[in-house]
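**Q** Okay, handing you the structure first.
Shown next, in the form of structure tokens:
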């Protein structure tokens, strides 16, 4: 009885009543709203931890513990987990591109947009730090004591995406416009009540399958980031964690693409 009373008092004390704060924390968790009766989705620490973790297993263990398929599956299932976790609170946007699209169709207030972008990037940064800690020994073993962005022992692509060797800046830009556009258009189609509805509760599964299909069909050029926050947060982490400013430089003939 005493324990139950203590837990009740603790819940009351720790309960966050400010809706914006709750939404921001949900975005951080999902990318670690329910509004007008419809869920709003996007494509980070929950999502990102699963996504980056699956890539870390592939790269840091010399592809003996994973491959491009497990990496794609990890990313898609991470999206599903993020939506199930925070879809009813913040809408689990997890993606500045999706938040922007929702603003453009007047389904999300513009004043919240910069706030959501910041918390999405923060969530991605925290995820990268968590994966770095989780695979710290494996990363340093794989890199032979030197954190590099290129070469056979590079580990930067665990956290951020890099274009394939032959991809130009223009082609990379177009690649992301098309891939992200497909993601946004189809998700909005799923949300549209005039279309054939997805069985209630299975919407995150359908979105995950969409992400998986995009990764399988459009991931070779640039690694299929589809999400500014998914790339900027971890890239900033690698810059601060020892990979250096090279993570922000585009160098022709360098990159893993599709990995």
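In my numbering, the protein residues as written are 4 to 262.
Beta carbons: idealized from backbone N, C-alpha and C, even for Gly.
Note that this is a predicted model, so its numbers are computed, not measured.
What are the start and end residues of each continuous alpha helix (DSSP H) run of 4 or more residues lying completely inside the stretch 111 to 143, in chain order?
**A** 116 to 137
**Q** Since residue 210 and residue 83 should fall inside the 8 Å C-beta cutoff, what is the C-beta to C-beta distance between them, to a whole number of angstroms?
**A** Position 207 of the chain shown holds residue 210. Position 80 of the chain shown holds residue 83. At roughly 7 Å, the Cβ-Cβ gap stays under 8 Å, so residue 210 and residue 83 are in contact.
**Q** Can you give the beta carbon distance from residue 237 to residue 133, rounded, assuming they're within the 8 Å contact cut?
**A** Numbered from 1 along the chain shown, position 234 holds the residue referred to as residue 237. Numbered from 1 along the chain shown, position 130 holds the residue referred to as residue 133. Their Cβ separation, rounded to whole angstroms, is 11 Å, which puts residue 237 and residue 133 out of contact at 8 Å.
**Q** Would you mind giving the Cβ-Cβ distance between residue 152 and residue 66, rounded to the nearest angstrom? I have them listed as a contact below 8 Å.
**A** Taking the chain shown and counting its residues from 1, the one referred to as residue 152 is at position 149. Taking the chain shown and counting its residues from 1, the one referred to as residue 66 is at position 63. Contact doesn't hold; Cβ gap of about 19 Å is too wide.
**Q** When the Cα of residue 218 is compared with those of 119, 183, 158, 148, which residue comes out closest?
**A** As a working note, residue 218 is residue 215 in the chain shown. The residue with the shortest Cα to Cα distance from residue 218 is 183.
**Q** Going straight from the alpha carbon of residue 244 to that of residue 139, what length do you get?
**A** Translated into the one-based positions of the chain shown, residue 244 becomes position 241. Translated into the one-based positions of the chain shown, residue 139 becomes position 136. Approximately 11 Å between the Cα atoms of the pair.
**Q** Under three-state DSSP, which class holds residue 99?
**A** Within the chain shown, residue 99 is the residue found at index 96, counting from 1. Correct three-state label for residue 99: helix.
**Q** Can you tell me whether residue 21 is buried or exposed? The criterion is at least 16 other CB atoms within 10 Å of its CB, across all chains shown.
**A** Residue numbering aside, residue 21 sits at position 18 when the chain shown is read from its first letter. It is exposed - the Cβ of residue 21 has fewer than 16 other Cβ atoms within 10 Å.
**Q** Inspect the CB distances between the stretch 223 to 230 and the stretch 173 to 182 and report whether three or more fall short of 8 Å.
**A** yes
**Q** For residue 113, I'd like the list of residues in its chain whose CB is within less than 8 Å of its CB, leaving aside the five on either flank, ordered along the chain.
**A** Residue numbering aside, residue 113 sits at position 110 when the chain shown is read from its first letter. Answer for residue 113: 106, listed in chain order.
**Q** What's the C-alpha gap between residue 88 and residue 253?
**A** Your numbering for residue 88 matches position 85 in the chain shown. Your numbering for residue 253 matches position 250 in the chain shown. Their backbone Cα atoms lie some 35 Å apart in a straight line.
**Q** Whole angstroms is fine: what's the gap from residue 246's alpha carbon to residue 12's?
**A** Start at 1 with the first residue of the chain shown, and residue 246 comes out as number 243. Start at 1 with the first residue of the chain shown, and residue 12 comes out as number 9. Cα atoms of residue 246 and residue 12: separation of roughly 46 Å, rounded to the nearest angstrom.
**Q** Taking the C-alpha atoms as reference points, what is the distance between residue 260 and residue 166?
**A** Here residue 260 refers to the residue found at position 257 of the chain shown. Here residue 166 refers to the residue found at position 163 of the chain shown. Low local confidence applies: a pLDDT of 47 at residue 260 is under 50, so the model's placement there is unreliable, with the coordinate-based value given in what follows. Residue 260 and residue 166 have their C-alpha atoms roughly 4 Å apart.
**Q** I'd like the span of the alpha helix (DSSP H) that includes residue 156, first residue to last.
**A** Translated into positions along the chain shown, residue 156 becomes position 153. Careful: residue 156 lies outside any alpha helix (DSSP H) and carries neither H nor E.
**Q** Within the continuous alpha helix (DSSP H) that includes residue 240, where are the two ends?
**A** The sequence position of residue 240 within the chain shown is 237, counting from 1. 231 to 241 is the extent of the alpha helix (DSSP H) around residue 240.
**Q** List the endpoints of the continuous alpha helix (DSSP H) containing residue 250.
**A** The sequence position of residue 250 within the chain shown is 247, counting from 1. Counting along the chain, residue 250 falls outside any alpha helix (DSSP H), and DSSP gives it neither H nor E.
**Q** Going straight from the alpha carbon of residue 178 to that of residue 221, what length do you get?
**A** Within the chain shown, residue 178 is the residue found at index 175, counting from 1. Within the chain shown, residue 221 is the residue found at index 218, counting from 1. Taking the straight line joining both Cα atoms gives about 8 Å.
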